[in-house]
Amino acid sequence: DNYDSFTYNLVQLIAATGVAYEVVRNDAASVDELLAKGASGILLSPGPGRPEEAGVCLPLLERRPRLPIFGVCLGHQALGQSFGATVGRAPAPKHGKTSLVRHNGAGLFAGVPSPFEATRYHSLEVYEASLPPELEAVAWSEDDGLVMGLRHRELPYWGVQFHPESVLTVAGPRLVENFLALCGERAEAAR
């Protein structure tokens, strides 16, 4: 939890699936304490500020745990930055604005229409031209062409710049369900 009220909208989406979860503030546990919890996945919430102000998020990502991680908004930016991508000012702030988002239809986006309408609340972005080879852009806004989704090519990490928990992001519940399914697949493979 990066101290954002949207965290609890994400919690509601997760709770609706019946999956057990725990909310941990970004300054309430160390990386070792988080990893010792034995979670099958981690969701990095939205929040104010920049990735370097997001408590344990960057140190966690820099540890490169082998469990699925889903970054939303600030969490997405932290994912990009942790691998060396540049996070900077977007051409225009988008706060409560919707955009059509097109995507590659794989992984997190399986079964999600392309394009779909998504709600955006951000003034920063991960610059696509700065993505390192291990990160791949997998979704873009149709109105301004910004990266709206990332994935790591080998690790089970995904990020979205938009807010799947917003009521105006109709595909949001499906994206969260897809992430939870990916967590379950990963947990089964580890057994």
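Count along the sequence shown from 1, add 170, and you get the number used in our numbering. No residue lacks a Cβ here, since even glycine has one placed at the ideal position from N, Cα and C.
Which first and last residues belong to the alpha helix (DSSP H) in which residue i is found?
i	result
R419	With the chain covering 171 to 361 only, the question about residue 419 has no answer from this structure.
S252	L244 to S252
Y178	T177 to A185
L205	V201 to A206
Can you tell me whether DSSP reads residue i as helix, strand or coil?
i	result
A224	coil
A351	helix
P283	coil
G342	helix
How is the beta strand (DSSP E) around residue i delimited, first residue to last?
i	result
E287	F286 to V296
P261	V257 to H273
T329	Inspection of the sequence shows that residue 329 is occupied by Gly rather than by Thr. Residues Y327 to V330.
Just list the residues that DSSP pairs residue i with in beta bridges.
i	result
L305	H322
L213	F240
G315	DSSP lists no partner for G315.
Using a Cβ-based criterion (distance less than 7 Å to any ligand heavy atom), does residue i qualify as near the ligand NAP?
i	result
L345	Judged by which ligands are present, the structure shown has none, so any question about the ligand NAP falls away.
Counting C-beta neighbours from all protein chains within 10 Å, is the total for residue i 16 or more, i.e. buried, or is it exposed?
i	result
H265	exposed
T187	exposed
A255	buried
Y327	buried
G342	buried
D202	exposed
V390	The structure shown does not extend to residue 390, since the chain spans only 171 to 361, so no value can be given for it.
G208	exposed
Q182	exposed
R361	In this prediction, R361 has a pLDDT of 49, which is less than 50 and means its spatial position is unreliable; nothing more can be read from the coordinates.
P302	exposed
So, at 7 Å on beta carbons, what are the nonlocal neighbours of residue i in its own chain, with the 5 sequence-adjacent residues on each side left out?
i	result
L205	P235
V189	L350
Y297	A255, T256 and G258
Q247	P221, V257, L294 and V296
A224	N172, N196, G217, L244 and A248
E335	F176, N179, L180, L183 and G342
With a CB to CB cut of under 6 Å and the five nearest residues on each side skipped, what residues in its chain are close to residue i?
i	result
I239	I212 and Y327
L316	E295
E192	none
E232	S252
Tell me which residues share the same chain as residue i and place their Cβ nearer than 8 Å to its Cβ, disregarding the 5 neighbours each side in the sequence.
i	result
V340	F286 and E287
Y173	R195, N196, G217 and P218
P263	H292 and S293
A185	Y191
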